[in-house]
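**Student:** If you scroll down you'll find the structure; I have some questions about it.
Protein chains in written order, with this note's numbering: chain A, 6 to 556; chain B, -16 to 308.
Next up, the structure:
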């Protein structure tokens, strides 16, 4: 047996996070089945209940796989590099392929264990009747297995090229989201088109595991506006998932085989010392050139905030500006296309699209900005140095929070032009846009506070980032699972209660998006979010003071 | 007698039931270098942490330039330059930006900061890499930048944890020069190091800690006396045939049972004794009177390693007997 498989598995299973993931997944699945278990001696002969449970069960399992699994491959190789053990592995007689297969084997083994934990619930779902093993539950697990392979190979590829664990995590989660969601966009835009274009978008759509899972749980028409593609989605997904996994695996093995540790130290070239032409070109390209000689920090500025803007890998000025510009363009383009009548979308759909775009940006960007605020200082040993300066705990915390909140507010502002176009077309939409804006600001604040609180609780930025992502997904996105199971298996009251904790659902409700407009989520959601933000602020202040004060 | 800049009085620190520091009392004067040594877990870092405001003592006081390290921790931070054993680096930050940040944290005005950064980089011998990224520096370069950071706000006392750790021999020699230079500029230094000859060469006073207790404190000579009242004497002879006669005379004059070693090849006789100077001069007189060809009659200096081993060896034997018994 490959020794790395055993080591990886044992190392994974010893972590509290892995234990928590297994228990959480198993508990969620069992709870789901229990909700729909027949009571009062009434038996469901047509299997409708079973299909309802399988539907939510499928969504839940897919969400679990998409959000739990990538964390492990994303850190698998880069962590070895940071610890210095990658050099030991490469120096052993093991080939790059063996090392890779060992890593992949460990992750697949752990994912298999996670899926096994859900088998009792799947068995109960089968016992409800109506769902076959071979074409239903068995096929669902086969597709999920393929999704695990696809995500694991993608994560390992990123991990082999990243410089730090948190960078790898951010990039992997962004790519996972891109693989799961982006392939659906061309299909949504060009559905029903015949010929080569239609075939192409149909194939692109199958890169994502979502359509395949929807097919198994009998929801293939969802989002297709009544038009079923009538294609072999599962077969195409199997081909594409295996193909992309093979490409990622080859790229990672090639990376491991080509002296991955052979890197020079950064030379430290300053733009100020380059020729005028180069300086001008860099100015055009970067807007804010990261290699220019920066001005000294002014005493009226919080030095911690200035330092954060200069140092963090993710969220430095030039990248933030590019992201903001891109968001503004996307937002405007979406509104302009709709206004020009190119798409037959109403303002509800456009607003819903904008809300989802902003939420994705917030959920991806916020933990990246805030989950390392304190943990990265503790990891690098600079927290101790900060404590020996005359800066108070309050000044440090304010500087750090401001450094995360300002870029997020800029990002939100950049996506607002879309709403302005909509208000210009129909001024009656103004109160609706204002409510959406409030929901998004609350979500941004909540996301920053979750990341910052996680960074004060965890010593490693990687753990804090994963914890922040999980909490945010759990609060913002997971309640939508209940919405997917609206009417059956969940009733209106249950769905409304569950949705009221999600700021995403509240924003969609505020924008009158179809399917959300009928629930009363505001102002309850603002109260819930306000209470959670307050709790997080208290936690953050207490933790920061505790970490700052003398031992 | 100079002015005491760092004063520690009856300082104790307990972590639960574990006594990390036990009534430590010492002082360091202006322009002096105190070498702080002891085995791992002796209480050195605990003492340093209390001085820089990172830990609170259970009992006792510590002051820097008369300011209490506990009740006025904020003021003390401006008086102390602390260089921990870890560098504390930031990604994507150049050396000048790194120093600028700490300068701003110490509220040094912008214009003055520019001048100070150039000054401290010059003092630390780091002017050539001010545009380099901090994370790309070698260990030796980082140590220099750390010293520059420590000096940035012009502190009266510098506390350095293992400043020579990981440096190559030329860098260590330069570090030694730098420490002496800083002391000459009137800075008070507290330096810990495991490279004991480094400390012996530059420190005005040494404090040896073991199990939280101060075992020895003073100049190198004073410590040698404190740790071992007996000193090693050496008689060097011009002729090898005189060795036996010299051994006989020395043994006759010393306390019974005193171990006297002789080396015919080196033409030397060595012995350990607690005799006073006057009695030693009588031994020399008798050797000369007996016609022994004495070329040198001298005390073999106890070095810091020997002193440290006396304490560390005592501690380990105590630990062993405690474990056995």
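A virtual CB, placed ideally from N, CA and C, is assigned to each residue, including glycine.
Nothing here was measured: the structure is a model prediction, and the numbers come from that model.
Decide yes or no for the touch test of the region 92 to 102 of chain A against the region 121 to 136 of chain A: beta carbon pairs closer than 8 Å, at least 3 of them.
**Tutor:** Touching, no, given that fewer than three Cβ pairs across the two stretches are closer than 8 Å.
**Student:** Count the CB pairs spanning the region 379 to 386 of chain A and the region 442 to 452 of chain A that are closer than 8 Å, and state whether there are at least three.
**Tutor:** no
**Student:** Looking at the secondary structure, which residues open and close the beta strand (DSSP E) in which residue 17 of chain B lies?
**Tutor:** Numbered from 1 along the second chain, position 34 holds the residue referred to as residue 17 of chain B. That run of the beta strand (DSSP E) goes 16 to 20.
**Student:** With 8 Å set as the bound, which would you pick, yes or no: does the beta-carbon of residue 76 of chain B sit closer than that to a beta-carbon of chain A?
**Tutor:** Locating residue 76 of chain B in the second chain gives position 93, where the first residue counts as 1. So, interface residue.
**Student:** Please check the pair residue 141 of chain B and residue 113 of chain B, which I expect to be a contact at CB under 8 Å, by giving their CB distance rounded to whole angstroms.
**Tutor:** Here residue 141 of chain B refers to the residue found at position 158 of the second chain. Here residue 113 of chain B refers to the residue found at position 130 of the second chain. Contact flag wrong, Cβ pair sits at about 21 Å.
**Student:** For chain A, check one thing: does any of its Cβ atoms lie closer than 8 Å to the Cβ of residue 84 of chain B?
**Tutor:** Stepping through the second chain from its first residue, residue 84 of chain B is reached at position 101. For residue 84 of chain B, the answer is yes, since a Cβ of chain A falls inside 8 Å of its Cβ.
**Student:** Run through the DSSP bridge pairs and tell me what residue 254 of chain B is partnered with.
**Tutor:** Within the second chain, the letter at position 271 stands for residue 254 of chain B. Answer is B:216, B:243.
**Student:** I need the straight-line Cα distance from residue 472 of chain A to residue 545 of chain A, nearest angstrom please.
**Tutor:** Translated into positions along the first chain, residue 472 of chain A becomes position 467. Translated into positions along the first chain, residue 545 of chain A becomes position 540. The straight-line gap from Cα to Cα measures roughly 15 Å.
**Student:** How many Å lie between residue 233 of chain A and residue 317 of chain A at the Cα?
**Tutor:** As a position in the first chain, residue 233 of chain A is number 228, starting the count at 1. As a position in the first chain, residue 317 of chain A is number 312, starting the count at 1. Confidence in residue 233 of chain A is poor, its pLDDT being 49 and thus under 50, which makes the residue's placement unreliable; the coordinate value appears in the next sentence. Using only the alpha carbons, I get a separation of about 46 Å.
**Student:** Just to check, is the beta-carbon of residue 15 of chain A closer than 7 Å to a non-hydrogen atom of the ligand GTP?
**Tutor:** As far as ligands go, the structure on display features none, and thus does not contain the ligand GTP.
**Student:** Under the DSSP definition of a beta bridge, which residues are partnered with residue 72 of chain A?
**Tutor:** Counted from its first residue, the first chain places residue 72 of chain A at position 67. Answer is none; residue 72 of chain A lacks a bridge partner.
**Student:** Output, in sequence order along the chain, the residues in the region 372 to 398 of chain A whose CB is closer than 9 Å to any CB in chain B.
**Tutor:** 381, 382, 385, 386, 387, 388, 389, 390, 391, 392, 393, 394, 395, 396, 397
**Student:** Which residues mark the beginning and the end of the beta strand (DSSP E) in which residue 91 of chain B is found?
**Tutor:** Position 108 of the second chain, counted from the start, is the residue given in the question as residue 91 of chain B. According to the DSSP assignment, residue 91 of chain B belongs to no beta strand (DSSP E), since it is labelled neither H nor E.
**Student:** With a threshold of 8 Å between beta-carbons, can residue 72 of chain B be considered close to chain A, or not?
**Tutor:** For the purposes of this step, residue 72 of chain B is taken as residue 89 along the second chain, with counting starting at 1. Using beta-carbon distances, residue 72 of chain B counts as an interface residue toward chain A, with a partner under 8 Å.
**Student:** Under 8 Å between beta-carbons, which chain E residues line up against residue 36 of chain B? List them in chain order, please.
**Tutor:** Among the protein chains in the structure shown, which are A and B, there is no chain E.
**Student:** Could you check where the beta strand (DSSP E) with residue 411 of chain A kicks off and where it finishes?
**Tutor:** Within the first chain, the letter at position 406 stands for residue 411 of chain A. Segment 398 to 420 is the alpha helix (DSSP H) holding residue 411 of chain A; no beta strand (DSSP E) there.
**Student:** On the three-state DSSP scale, how would you describe residue 6 of chain B?
**Tutor:** Counting from 1 along the second chain, the entry for residue 6 of chain B is found at position 23. Residue 6 of chain B falls in the strand class under three-state DSSP.
**Student:** Go through its chain and collect everything with a Cβ distance to residue 74 of chain B's Cβ below 6 Å, but skip five positions before and after it.
**Tutor:** Mapped onto the second chain, residue 74 of chain B falls at position 91. Same-chain partners within the cutoff: 118.
**Student:** How would you write the range of the beta strand (DSSP E) that residue 279 of chain B sits in, first residue to last?
**Tutor:** Locating residue 279 of chain B in the second chain gives position 296, where the first residue counts as 1. Start and end: 277 to 283.
**Student:** Residue 316 of chain A versus chain B: which residues are under 7 Å apart at the beta carbon?
**Tutor:** The count along the first chain starts at 1 and reaches residue 316 of chain A at position 311. Correct list: 73, 74, 75, 76.
**Student:** Whole angstroms is fine: what's the gap from residue 437 of chain A's alpha carbon to residue 415 of chain A's?
**Tutor:** Translated into the one-based positions of the first chain, residue 437 of chain A becomes position 432. Translated into the one-based positions of the first chain, residue 415 of chain A becomes position 410. If you take the alpha carbons of residue 437 of chain A and residue 415 of chain A, they lie about 21 Å apart.
**Student:** Beta-carbon of residue 57 of chain B versus every beta-carbon of chain A: anything under 8 Å?
**Tutor:** Your numbering for residue 57 of chain B matches position 74 in the second chain. True, the Cβ-Cβ gap to chain A drops below 8 Å.
**Student:** State yes or no: is the beta carbon of residue 2 of chain A nearer than 8 Å to at least one beta carbon in chain B?
**Tutor:** Nothing can be reported for residue 2 of chain A: it is not among the residues displayed for chain A, which extend from 6 to 556.
**Student:** Identify the residues that DSSP records as bridge partners of residue -10 of chain B: which are they?
**Tutor:** Along the second chain, read from residue 1 onward, the residue named residue -10 of chain B stands at position 7. DSSP lists B:10, B:46 as partners of residue -10 of chain B.
**Student:** Compare the C-beta of residue 415 of chain A against all C-beta atoms of chain B and say whether one is closer than 8 Å.
**Tutor:** To locate residue 415 of chain A, count along the first chain from 1; it is residue 410. No, no contact with chain B.
**Student:** Just to confirm, is the Cβ distance from residue 426 of chain A to residue 299 of chain A under 8 Å?
**Tutor:** Along the first chain, one-based indexing puts residue 426 of chain A at 421. Along the first chain, one-based indexing puts residue 299 of chain A at 294. Their beta carbons are not under 8 Å apart, which means residue 426 of chain A does not touch residue 299 of chain A by this criterion.
**Student:** At which residue ranges does the region 473 to 544 of chain A contain complete alpha helix (DSSP H) runs of 4 or more residues, listed in the order of the chain?
**Tutor:** 484 to 489, 497 to 504, 508 to 515
**Student:** In angstroms with no decimal places, state the Cα-to-Cα distance between residue -12 of chain B and residue 172 of chain B.
**Tutor:** Position 5 of the second chain, counted from the first residue, corresponds to residue -12 of chain B. Position 189 of the second chain, counted from the first residue, corresponds to residue 172 of chain B. Near 10 Å, if we compare the C-alpha coordinates of residue 172 of chain B and residue -12 of chain B.
**Student:** Count Cβ pairs between the region 192 to 201 of chain B and the region 4 to 14 of chain B that sit closer than 8 Å; are there 3 or more?
**Tutor:** yes
**Student:** Would you give the residue range spanned by the beta strand (DSSP E) that residue 65 of chain B belongs to?
**Tutor:** Working through the second chain from its first residue, we reach residue 65 of chain B at position 82. Here the beta strand (DSSP E) through residue 65 of chain B covers 63 to 66.
**Student:** Quick check on DSSP: helix, strand or coil for residue 291 of chain B?
**Tutor:** Stepping through the second chain from its first residue, residue 291 of chain B is reached at position 308. Looking at residue 291 of chain B - three-state DSSP - the assignment turns out to be helix.
**Student:** What residues from chain B crowd round residue 305 of chain A, counting only those whose CB sits closer than 7 Å?
**Tutor:** Here residue 305 of chain A corresponds to residue number 300 of the first chain, with the count starting at 1. Within 7 Å Cβ-Cβ: nothing; residue 305 of chain A doesn't reach chain B, min ~10 Å.
**Student:** Does residue 60 of chain B come within less than 8 Å of chain A when only Cβ atoms are used?
**Tutor:** As a first step, residue 60 of chain B must be located in the second chain, where it is residue number 77. Taking Cβ atoms only, chain A reaches closer than 8 Å to residue 60 of chain B, which makes this a yes.
**Student:** With 8 Å set as the bound, which would you pick, yes or no: does the beta-carbon of residue 32 of chain B sit closer than that to a beta-carbon of chain A?
**Tutor:** Here residue 32 of chain B corresponds to residue number 49 of the second chain, with the count starting at 1. So, interface residue.
**Student:** Find out if the Cβ-Cβ distance for the pair residue 138 of chain B, residue 63 of chain B is shorter than 8 Å.
**Tutor:** In the second chain, residue 138 of chain B corresponds to position 155, counting from 1. In the second chain, residue 63 of chain B corresponds to position 80, counting from 1. Yes. Within cutoff.
**Student:** Could you tell me the alpha carbon to alpha carbon distance between residue 5 of chain A and residue 247 of chain B, rounded to whole angstroms?
**Tutor:** The structure shown does not extend to residue 5 of chain A, since chain A is modelled only from 6 to 556, so the question has no answer here.
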